[in-house]
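Chains as they are written, first to last, in the working numbering: chain V, 1 to 250; chain B, 251 to 665; chain R, 666 to 1143. Each residue gets a CB set at the ideal place from its N, CA and C atoms; glycine is no exception. Just so it is clear, the structure is predicted and the values come from calculations on it, not from any experiment. Below is one structure, written out as structure tokens; comments come after it.
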């Protein structure tokens, strides 16, 4: 699904990603953890195609290079990013936004666009599956939403847009246990042999609910360690510093 | 008005000027003669028809010089200060005992002329005739120990006179000066004071100035203030000029280099046929500059308040932060408040907003105070004070703040 | 010329002309032309006299020049003031009698009269150049006593009403373009809603400037008698032309006691090409008089066309408790210039006005909001709330806000707010990541910015307006 080879990324002359290597196969869920400033969000932004970064290295999605593919084209190809800080867009109705977005993606795939009735039916279905109150969608996009509501909204969008590769950027930060369960449910119910996930998280507890196939530690722009679920537990106990010290020697 | 005639030979009387200057003066005089005093057909004077005001109040006007004498003035005792004494606009004397006099240059008149043509008739009149005023320059890296009070004294013998004065203040790099322009009016009759003042703030310098009157005046005041702010400089102007029969303060502030900041605040209580206008033009010509304007007016008994505030943002002036607020309280019938808060913006990454409200005293607040035992008059006074007080909060020196508060108290109580 | 047109057709759906021969008066503006216009329309003498009074006055006044957009000098002698399709010389008695070529034009415009008749129940008074072609639904409206016809027809059939109200809100003594209109107006809509009647359908009319160099001078007069209600829609399209065309219309609204008039406009005049060449000059005078107590007039407009727009729909709030509202979206792109706004004149007691103006500038365009809120001395207890917001896209365009506030009454409350902002890069990124391309994302965000105004439009217009907002901003995001 996703192949990253020696990815470097800099912004404002500062190099943040210093050679990331990562392969995610179809059906896999990878978790990335790391201390603040390690480049986790940058990785998410670069994968989504955000402007402003100087990039070198290879990023291949489903066998094809993502070079020069714009953000919206990547989205239409099935890459979804759940933002760490979802933005408010005043005056724009959330339902309306979702419908426009879904139909844009469907159109690019050659699928028929949904009319309002069919769309609302889909929304009702997905939101009740997750346990999210659909009334939230009648409000302006993210305006006045609490942190938890914003994150849930992101996951709902993910369910509706049904991407192939979902990147979740610290979706669990600032959530209470109930919201966390909803997020986990959303992710777990989408998991199958075809879909892949890249979950970026700061804390281990999300991974209690979402079992990753692989866990990577990103530190100072590079992946310094890869392991399974146990790695996350170990980190929780020992912290990142030790890991770094361990790898500083060579 | 019939009796106001200025002959071009008036300019001949001005001594020691170059030919270039003389022709500049004559040109300006000719312009004034064709336009006359500004009237409401000129967009900038729409709400203050100066020609009409002059016609209604003056049967005659002349520009003959006044040579007045004063024995002594009563200096303010509320706080220690330096001073400059202006006699009908002319530099009379000064005292900088609290400062290092080597850092200060004070001259009666700035000979350097900016030969720019103006379309403002009063400015042209000033360019044509002004020969007096003061020019103050502060050397690099000097911060004043005490505030500077400019006593602006108007004497008894200036009836029907039109006084033209030119002032200049230059604050060099890294220096700081606080001024209180304190007008003392001894004239019982009407006169016109037409002032052109230019302020230059060099890099990293600061100027804070405060306008306030001692007592009521039947004078008609117009001041055109041209400011130029360089890198990192800061300008604060607090206007408490209530009590003048007519006052128009016309400020044009150029934020020429980055990080300069301009703050203009006023709190006025206008009564009995008084007419005051504050007009500002803030030109954001460089990025990252900030401007803040707050104009508050309380109007009663046939008074008229005007605020024309224009914010201009050039296309390169990104990250401009410009804010403007004007609020007016109309206390009774026959008062009028006109406002024109204008925005002209060519840069897109800016924060610009303005607001303007006008209305009466909030009845609910009045009622609340009265239920706490205050009578209507006292409640009204309290609300007016509250309305105007946030401007006073900008004064950091406690003694000066107290002084201004007491003057304010006087103004409000005379209502 | 033709090849260029083929390419441009995608951009501007309505860019085409009809081949029907038009009757044109000879070029120029003089007394004879005015007499010609009056004669060909078979007007009574009092109408000709009124026109001539306006014409004589024209000679003594000058074109105004205080507005910001400057336009190249108009040679009034070089325009045709009357142009009508030949086939309409004798008025058709029913739709069937209308020239099929004309009907074809309307189909292209998307307002097939027959279709509208079936689906929406909207009565359409279609104006083709200077003469009304067909008026539908007259029967249904006649049942209720509602008069909806062309001004020309009203002059013949309802002279008492026309005499009473024409020129009562925009007098002959008004400014230059209004007076020009009074002298040479060719046609427009006339609406009269009798006492107690609520007009059961949205009234609408389409305009179109066709023949080269024909400035269009419509005159609309809407009268809502006591306790009545009417909602009127105005939508315009124009073909592509290289010479600038003048559009100086007059719209007068009169609302009597307890009456309400809702006037909506979606303006889509040809804006000039990407380099600012060609395009319509839109100088319109619109004024509403809330004569009666408790009366209400609201103006809603979406302006996206015209090379130069200059209009200030106003409300004169005479009747006590009357309400005036103004909702506007003004979009300028490329080299367009707009100087628009409103005037709310408070004369009666307890009058209220509300102004919501959204200005969007892109490209090298210039967008000015000019408003006047005038609270008269006797306007006790009046309230005004104004909100003007500007959205700038790029740094070659400009937004200018010039509000005049005059408050002469101490018991009144005036509130004014204005903000300027730009489209947030982060917001665009968020939309992109949800599969929306730049144009779609900008369209969505801008529609959100204008939401308050769009909500005021009648349903069918709201959809057209939203699309228009998107199209007008094409090419503005780099």
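Practice problem: Out of 514(B), 308(B) and 279(B), state which residue places its alpha-carbon closest to the alpha-carbon of residue 409(B). | Solution: Locating residue 409(B) in the second chain gives position 159, counting from the first residue. Out of 514(B), 308(B) and 279(B), 308(B) has the C-alpha closest to the C-alpha of residue 409(B).
Quiz item: What's the gap between the Cα of residue 109(V) and the Cα of residue 42(V)?
Solution: For the purposes of this step, residue 109(V) is taken as the residue at position 109 of the first chain. For the purposes of this step, residue 42(V) is taken as the residue at position 42 of the first chain. Approximately 28 Å between the Cα atoms of the pair.
Quiz prompt | Whole beta strand (DSSP E) elements within the stretch 519-574 of chain B, 3-residue minimum | solution = The qualifying runs are 525-534, 540-549 and 554-563.
Quiz item: Between the Cα of residue 337(B) and the Cα atoms of 436(B), 554(B), 257(B) and 255(B), which residue gives the shortest distance?
Solution: Counting from 1 along the second chain, the entry for residue 337(B) is found at position 87. Per the Cα distances, 436(B).
Quiz item: Exposed or buried, what is residue 177(V) when buried is set at 16 or more other beta-carbons lying within 10 Å of its beta-carbon?
Solution: If you number the first chain from 1, residue 177(V) lands on position 177. Here residue 177(V) is exposed, its C-beta having fewer than 16 other C-beta atoms within 10 Å.
Quiz item: Going by other Cβ atoms of all chains shown within 10 Å of its Cβ, with 16 needed for buried, is residue 645(B) buried or exposed?
Solution: By 1-based counting over the second chain, the position of residue 645(B) is 395. It is buried - the Cβ of residue 645(B) has at least 16 other Cβ atoms within 10 Å.
Quiz item: Is it right to say residue 983(R) is buried, meaning 16 or more other beta carbons lie within 10 angstroms of its own, or is it exposed?
Solution: Looking up residue 983(R) in the third chain gives position 318. Residue 983(R) comes out buried.
Self-check item: Sheet register partners of residue 897(R) (DSSP bridge)
Solution: Residue numbering aside, residue 897(R) sits at position 232 when the third chain is read from its first letter. According to DSSP, residue 897(R) bridges with 868(R) and 928(R).
Quiz item: By how many angstroms is the C-alpha of residue 1114(R) removed from the C-alpha of residue 421(B)?
Solution: Within the second chain, residue 421(B) is the residue found at index 171, counting from 1. Within the third chain, residue 1114(R) is the residue found at index 449, counting from 1. Going by the C-alpha atoms only, they are around 45 Å apart.
Practice problem: Using a Cβ-Cβ cut-off of 8 Å, state whether residue 246(V) counts as contacting chain R. | Solution: Numbered from its first residue, the first chain carries residue 246(V) at position 246. Summary for residue 246(V): the model assigns pLDDT 46, below 50, so the residue's position carries little reliability; its value from the coordinates is reported in the next sentence. Output row for residue 246(V): interface = no.
Quiz item: Along the stretch 1085-1104 of chain R, what residues have a CB closer than 7 Å to any CB found in chain V?
Solution: 1091, 1092, 1094, 1095, 1097, 1098, 1099, 1100, 1101 and 1102
Quiz item: Can you tell me the Cα-Cα spacing of residue 581(B) and residue 527(B), whole angstroms?
Solution: Taking the first residue of the second chain as position 1, residue 581(B) is located at position 331. Taking the first residue of the second chain as position 1, residue 527(B) is located at position 277. Taking the Cα positions, residue 581(B) is about 18 Å away from residue 527(B).
Quiz item: For the stretch 455-500 of chain B, which segments carrying the beta strand (DSSP E) assignment without a break, of at least 3 residues, lie completely within its bounds, in sequence order?
Solution: Within the stretch 455-500 of chain B, the complete beta strand (DSSP E) runs of at least 3 residues fall at 456-463, 467-479 and 484-490.
Quiz prompt | Where residue 1113(R) meets chain V, residues with beta-carbon distance less than 7 Å | solution = Taking the third chain and counting its residues from 1, one reaches residue 1113(R) at position 448. Under the 7 Å cutoff, chain V gives 89, 90, 91 and 92.
Self-check item: 8 Å contact criterion, which residue 105(V) and residue 1110(R) should meet: CB distance rounded
Solution: Mapped onto the first chain, residue 105(V) falls at position 105. Mapped onto the third chain, residue 1110(R) falls at position 445. Approximately 19 Å separates the beta-carbon atoms of residue 105(V) and residue 1110(R); this is outside 8 Å, ruling out the contact.
Quiz item: Excluding the five sequence neighbours on either side, which residues of its own chain have a C-beta within less than 8 Å of the C-beta of residue 1054(R), listed in chain order?
Solution: The count along the third chain starts at 1 and reaches residue 1054(R) at position 389. Same-chain partners within the cutoff: 1022, 1023, 1024, 1083, 1084, 1085, 1086 and 1114.
Quiz item: Taking 8 Å as the CB-CB cut-off, is residue 75(V) touching chain R?
Solution: Here residue 75(V) refers to the residue found at position 75 of the first chain. At least one chain R Cβ lies under 8 Å of residue 75(V).
Quiz item: Is the CB of residue 1124(R) under 8 Å away from at least one CB in chain V?
Solution: As a working mapping, residue 1124(R) is identified with position 459 in the third chain. Chain V contact via Cβ: absent.
Quiz item: Heavy atom of the ligand SAM less than 7 Å from the Cβ of residue 293(B), yes or no?
Solution: In the structure shown, the ligand SAM is absent, as is every other ligand, since no ligand is present at all.
Self-check item: chain V contact residues for residue 1025(R), given Cβ-Cβ distances below 7 Å
Solution: The residue given as residue 1025(R) occupies position 360 in the third chain. Those within 7 Å of residue 1025(R) in chain V number zero; the least Cβ separation is about 13 Å.
Quiz prompt | Unbroken beta strand (DSSP E) run spanning residue 33(V), endpoints | solution = Locating residue 33(V) in the first chain gives position 33, counting from the first residue. That run of the beta strand (DSSP E) goes 29-33.
Quiz item: Of all Cβ atoms in chain R, is any one closer than 8 Å to the Cβ of residue 20(V)?
Solution: Residue numbering aside, residue 20(V) sits at position 20 when the first chain is read from its first letter. Judged by the 8 Å Cβ criterion, residue 20(V) is not in contact with chain R.
Quiz item: Taking Cβ-Cβ distances shorter than 7 Å, what residues in chain R pair up with residue 604(B)?
Solution: The residue you call residue 604(B) lines up with position 354 of the second chain. Near residue 604(B) (Cβ distances below 7 Å), the residues of chain R are 1083.
Quiz item: Candidates 845(R), 956(R) and 1039(R): which alpha carbon is nearest residue 985(R)'s?
Solution: The count along the third chain starts at 1 and reaches residue 985(R) at position 320. Among 845(R), 956(R) and 1039(R), the Cα nearest to that of residue 985(R) belongs to 956(R).
Quiz item: Can you name, in chain order, every residue of its own chain whose Cβ lies under 6 Å from the Cβ of residue 340(B), other than the five neighbours on each side?
Solution: Here residue 340(B) corresponds to residue number 90 of the second chain, with the count starting at 1. Once the five neighbours on either side are set aside, the close Cβ partners of residue 340(B) are 382.
Quiz item: When the Cα of residue 1003(R) is compared with those of 1067(R), 952(R), 1049(R) and 1014(R), which residue comes out closest?
Solution: Walking along the third chain from the start, residue 1003(R) turns up at place 338. Checked all of 1067(R), 952(R), 1049(R) and 1014(R); the closest Cα to residue 1003(R) is 1067(R).
Quiz item: Residues of chain V with CB under 8 Å from residue 994(R), in chain order?
Solution: The sequence position of residue 994(R) within the third chain is 329, counting from 1. Within 8 Å Cβ-Cβ: nothing; residue 994(R) doesn't reach chain V, min ~12 Å.
Quiz item: Which runs of the alpha helix (DSSP H) fall wholly inside the stretch 1061-1137 of chain R and span at least 4 residues, in chain order?
Solution: 1090-1098, 1103-1114, 1116-1119 and 1124-1137
Quiz item: Shortest alpha-carbon distance to residue 316(B) belongs to which of 441(B), 488(B), 289(B) and 519(B)?
Solution: Counting from one through the second chain, the residue named residue 316(B) turns up at place 66. Nearest option by C-alpha distance: 441(B).
Quiz item: Quick one: is residue 626(B) buried, meaning 16 or more other Cβ sit within 10 Å of its Cβ, or exposed?
Solution: Within the second chain, the letter at position 376 stands for residue 626(B). Residue 626(B) counts as exposed, since fewer than 16 other C-beta atoms from the protein chains shown sit within 10 angstroms of its C-beta.
Self-check item: For residue 637(B), the first and last residue of its enclosing alpha helix (DSSP H)
Solution: Your numbering for residue 637(B) matches position 387 in the second chain. Where residue 637(B) is concerned, the enclosing alpha helix (DSSP H) stretches over 626-642.
Self-check item: residue 309(B), DSSP secondary structure in three states
Solution: Reading the second chain from its first residue, position 59 is the one you call residue 309(B). Residue state, collapsed to three classes: coil.
Quiz item: Around the C-beta of residue 539(B), are 16 or more other C-beta atoms found within 10 angstroms, so that it is buried, or is it exposed?
Solution: Within the second chain, numbered from 1, the residue matching residue 539(B) stands at position 289. Buried is the call here.
Quiz item: Going by the CB atoms, is the gap between residue 529(B) and residue 498(B) shorter than 8 Å?
Solution: Taking the second chain and counting its residues from 1, the one referred to as residue 498(B) is at position 248. Taking the second chain and counting its residues from 1, the one referred to as residue 529(B) is at position 279. Yes. Within cutoff.
Self-check item: For residue 234(V), three-class secondary structure by DSSP
Solution: Taking the first chain and counting its residues from 1, the one referred to as residue 234(V) is at position 234. In the structure shown, residue 234(V) sits in a helix (DSSP, three-state: H, G or I).
Quiz prompt | residue 117(V), buried or exposed, once every other Cβ within 10 Å from all chains shown has been counted against 16 | solution = For the purposes of this step, residue 117(V) is taken as the residue at position 117 of the first chain. Exposed.
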